[in-house]
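Only one structure is covered here, and it is reproduced in the block below.
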Amino acid sequence: MGPLPSLETLAVVAAVVYLILAIRQNIWCWAAALLSTALYLHIFIEARLYMESALQLFYIAMAIYGWYQWSRGDNGQERKISSWTVPQHSRAIALVIGLTLVSTLGLAKFTNAAMPLLDSLTTWGSVVATYMVARKVLENWHYWFVIDSLSIYLYLSRDLKQTAFLFAVYLVLIVIGLRAWRKDLQSQSTQL
Numbered sequence: 023m024g025p026l027p028s029l030e031t032l033a034v035v036a037a038v039v040y041l042i043l044a045i046r047q048n049i050w051c052w053a054a055a056l057l058s059t060a061l062y063l064h065i066f067i068e069a070r071l072y073m074e075s076a077l078q079l080f081y082i083a084m085a086i087y088g089w090y091q092w093s094r095g096d097n098g099q100e101r102k103i104s105s106w107t108v109p110q111h112s113r114a115i116a117l118v119i120g121l122t123l124v125s126t127l128g129l130a131k132f133t134n135a136a137m138p139l140l141d142s143l144t145t146w147g148s149v150v151a152t153y154m155v156a157r158k159v160l161e162n163w164h165y166w167f168v169i170d171s172l173s174i175y176l177y178l179s180r181d182l183k184q185t186a187f188l189f190a191v192y193l194v195l196i197v198i199g200l201r202a203w204r205k206d207l208q209s210q211s212t213q214l
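Shown next, in the form of structure tokens:
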């Protein structure tokens, strides 16, 4: 019997399964997210990426919330893809910037965190984008593209090569996800 896969390898596989299932709007994506998240919680604590570690706790809660939202739907119907308005995006981006500044200052002052600004930015951006996925907001894919692009550098800086590669793969899957969800949104519009 060969060597067991590393925790990072298992986390990467579960994360890819999550995204593929999310693209297909399959509710089991939330179970895969829960598994990946639990593994990454340990990995990021070891890498001293404390905001990313805290983010994993949020992801655990969001996996439960996402399952609930997708299973409950809208008034007993399957949750439909929606699109946010400019004011909604403005509020979301302002929230990310504000929380990033606060947590960066706290991390820099009170911890030995590696890359506190980038760690905070990718974390708070991920919080907003994950909420958008759970609510099936189309533009989540745009947020994820920016976040994941920045995350590649962050993970390479901490020698998390498999995770950096995962996020490079995510960039391709994000484009596929955006196209698939946009097509579904357009077909929803023509059915009305």
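Note that the working numbering has the sequence shown beginning at 23, numbered continuously upward.
Beta carbons: idealized from backbone N, C-alpha and C, even for Gly.
In this text, all values refer to a predicted model and were calculated from it rather than measured experimentally.
Answer yes or no: do residue i and residue j have a C-beta to C-beta separation smaller than 8 Å?
i      : j      : result
Met73  : Ser125 : yes
Lys131 : Gln210 : no
Ala33  : Ile65  : yes
Leu61  : Ala85  : no
Do you know whose CA, among the options, lies nearest residue i's CA?
i      : options                          : result
Gln91  : Ser209, Leu117, Ile119 and Trp50 : Trp50
Leu127 : Leu139, Glu100 and Thr144        : Leu139
Ala190 : Ser58, Ser28, Val38 and Val159   : Val38
Leu29  : Ile45, Arg46, Ile67 and Gln47    : Ile67
Leu129 : Arg204, Asn97, Ala76 and Gln213  : Ala76
Ala54  : Leu71, Gly88, Ala69 and Arg70    : Gly88
Suppose the cutoff is 6 Å on Cβ atoms and the five residues either side in sequence are ignored; what does the same chain contact list for residue i look like?
i      : result
Trp166 : Ala151 and Ile196
Give the range of the alpha helix (DSSP H) segment to which residue i is assigned.
i      : result
Ile49  : No alpha helix (DSSP H) holds Ile49; DSSP gives it neither H nor E.
Ala130 : Val108 to Phe132
Lys183 : Lys183 to Gln213
By Cβ distance, which residues of its chain are closer than 7 Å to residue i, with the 5 residues on each side in sequence left out?
i      : result
Ile198 : Ile45
How long is the line joining the alpha carbons of residue i and residue j, rounded to whole angstroms?
i      : j      : result
His164 : Leu200 : 8 Å
Gln208 : Leu160 : 11 Å
Asn97  : Leu63  : 34 Å
Leu182 : Thr212 : 45 Å
Can you list, in chain order, the residues of its chain with a C-beta nearer than 8 Å to that of residue i? Leave out the 5 residues immediately preceding and following it.
i     : result
Gly95 : Arg101
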